[in-house]
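A.B. asks: I am attaching a structure below and will ask some questions about it afterwards.
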Amino acid sequence: MSPKISAEASSARSIYRILTKEYPDARCELDFNSPLELLIATVLSAQCTDKRVNAVTPVLFKRFPTLEMLSEAKSSEIEKIIYSTGFFRSKAKNIKELANKILKDYGGEVPKTLVELVTLPGVGRKTANVVLGNAFEIPGLTVDTHFGRLSRRFGWSKEIDPVKVENDVAKLIPEKEWTLLSHKLIWHGRRICHSRKPECGICPLAKLCPSAGIGLI
DNA sequence: ATCCCGAGGG
DNA sequence: CCCTCTGGAT
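Throughout, my numbering is defined as the position within the first sequence, counted from one, plus 17.
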């Protein structure tokens, strides 16, 4: 019996190979010096460019260098520092309460499991997987808007629910590639496979992509 | 106008 | 499922 792989898995391997060639440097673009810094940077990155997050995090971490200081900080002071990242009231509240919960419930250490990470305020599954993959080297698929859109365009998933997309893609790509695959999909989504007007004409995946020229999924 | 590597609440 | 939270870049 020769081992057979599905058409989707075969496509996924080919696409991953090309993305690796196109984006050899794809990586997390948030600046951080510890798991806690990455966690907070990722919370701040919602609906905000990484560049802007990187402009405020050094100020935030210099003013509040420890979990204790963050948890006792005045929300208004955090808000002023992170203002330009948007959603500043909820993000400030989340950061303060997240610091408090890590102290109370996790012994002052950022937890290393998805189940624990998502108990923190402001931390959803996507943020948790960013931390696991980039601070702890634990493979995770970070299904954001780009990841979901590209997965559907490639025919890897028909789902909208990010958890279902994650499960579909997990079957197609070896676990050890998950973190890098996430970055490469996101880079490609930002550069070429845009939401509104994907540039299929210059896309190196056009020949493999069932949505090429059709666009708009 | 529309998008930026979302999360939480109803 | 929908809505809301938000400023900045283009």
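Idealized CB from N, CA, C, for every residue including glycine.
Assign Lys121 to one of two classes, buried (16 or more other C-beta atoms within 10 Å of its C-beta) or exposed (fewer than that).
C.D. replies: Sequence index remark: in the first sequence, residue 121 carries index 104 (1-based). Exposed: under 16 other Cβ atoms inside 10 Å.
A.B. asks: Rounding to the nearest angstrom, what Cα-Cα distance links Lys276 and Lys38 in this structure?
C.D. replies: Past the boundaries of the shown model lies residue 276; the chain is included only from 18 to 234, so the question cannot be answered.
A.B. asks: For Glu183, count neighbouring C-beta atoms within 10 Å of its own C-beta (all shown protein chains included) and say buried if the count is 16 or more, exposed if not.
C.D. replies: The sequence position of residue 183 within the first sequence is 166, counting from 1. Under this definition Glu183 is a buried residue.
A.B. asks: Less than 8 Å between the CB atoms is what I'm expecting for Pro52 and Phe153, so what's the real figure, rounded?
C.D. replies: Walking along the first sequence from the start, residue 52 turns up at place 35. Walking along the first sequence from the start, residue 153 turns up at place 136. So it is a contact: roughly 7 Å between Cβ atoms.
A.B. asks: Let me know the secondary structure DSSP gives Gly232 once reduced to three states.
C.D. replies: On the first sequence, residue 232 is found 215 positions in, with the first residue counted as 1. Unreliable positioning characterises Gly232 in this predicted model, as indicated by a pLDDT of 45, which lies under 50. The coordinate reading is nonetheless provided below. Three-state DSSP puts Gly232 in coil, outside helix and strand.
A.B. asks: Whole angstroms is fine: what's the gap from Val160's alpha carbon to Val186's?
C.D. replies: Against the first sequence, residue 160 aligns to sequence position 143. Against the first sequence, residue 186 aligns to sequence position 169. Spanning the two alpha carbons is a distance of roughly 10 Å.
A.B. asks: Threshold first: 4 residues or longer. Then list the alpha helix (DSSP H) segments lying entirely within the stretch 76-159, N to C.
C.D. replies: The stretch 76-159 contains these whole alpha helix (DSSP H) runs: 84-89, 92-99, 105-122, 131-134, 142-152.
A.B. asks: Taking Cβ positions, are Leu115 and Leu137 nearer each other than 8 Å?
C.D. replies: Numbered from its first residue, the first sequence carries residue 115 at position 98. Numbered from its first residue, the first sequence carries residue 137 at position 120. A contact, by the Cβ cut-off of 8 Å.
A.B. asks: In chain order, what residues of the same chain have a beta carbon less than 6 Å from the beta carbon of Gln64, not counting five sequence neighbours either side?
C.D. replies: Start at 1 with the first residue of the first sequence, and residue 64 comes out as number 47. Excluding sequence neighbours, Gln64 sits near Gly103.
A.B. asks: So which of Leu47, Ile35, His211, Leu61 has the shortest CA-CA distance to Gly141?
C.D. replies: Sequence index remark: in the first sequence, residue 141 carries index 124 (1-based). Among Leu47, Ile35, His211, Leu61, the Cα nearest to that of Gly141 belongs to Leu61.
A.B. asks: Assuming contact is defined by CB atoms lying nearer than 8 Å, are Ser92 and Lys113 in contact in what I supplied?
C.D. replies: Within the first sequence, residue 92 is the residue found at index 75, counting from 1. Within the first sequence, residue 113 is the residue found at index 96, counting from 1. Closer than 8 Å, so yes.
A.B. asks: Taking only the alpha-carbon atoms, compute the straight-line gap between Thr162 and Arg106 and give it to the nearest angstrom.
C.D. replies: Against the first sequence, residue 162 aligns to sequence position 145. Against the first sequence, residue 106 aligns to sequence position 89. Approximately 23 Å between the Cα atoms of the pair.
A.B. asks: By how many angstroms is the C-alpha of Cys220 removed from the C-alpha of Ser228?
C.D. replies: Taking the first residue of the first sequence as 1, we reach residue 228 at position 211. Taking the first residue of the first sequence as 1, we reach residue 220 at position 203. Their Cα atoms are separated by approximately 12 Å.
A.B. asks: What is the rounded straight-line gap between the Cα of Tyr100 and the Cα of Ile203?
C.D. replies: Working through the first sequence from its first residue, we reach residue 100 at position 83. Working through the first sequence from its first residue, we reach residue 203 at position 186. Using only the alpha carbons, I get a separation of about 25 Å.
A.B. asks: Does DSSP classify Lys224 as helix, strand or coil?
C.D. replies: Here residue 224 is taken as the residue at index 207 of the first sequence, counted from 1. Reduced to three states, the DSSP call for Lys224 is coil.
A.B. asks: In its own chain, which residues sit with a C-beta less than 7 Å from the C-beta of Trp173, not counting the 5 before and 5 after it?
C.D. replies: Looking up residue 173 in the first sequence gives position 156. Closer than 7 Å at the Cβ level, and outside the excluded window around Trp173, lie Glu25, Ala29, Asp185, Val186, Leu189.
A.B. asks: By how many angstroms is the C-alpha of Glu192 removed from the C-alpha of Gly124?
C.D. replies: The count along the first sequence starts at 1 and reaches residue 124 at position 107. The count along the first sequence starts at 1 and reaches residue 192 at position 175. Between Gly124 and Glu192, the C-alpha separation is close to 29 Å.
A.B. asks: Roughly how many whole angstroms lie between the Cα atoms of Glu89 and Glu54?
C.D. replies: As a working note, residue 89 is residue 72 in the first sequence. As a working note, residue 54 is residue 37 in the first sequence. Approximately 17 Å between the Cα atoms of the pair.
A.B. asks: Where Arg34 and Asn117 are concerned, what is the direct C-alpha to C-alpha distance, given to the nearest angstrom?
C.D. replies: On the first sequence, residue 34 is found 17 positions in, with the first residue counted as 1. On the first sequence, residue 117 is found 100 positions in, with the first residue counted as 1. For Arg34 and Asn117, the distance between alpha carbons rounds to 43 Å.
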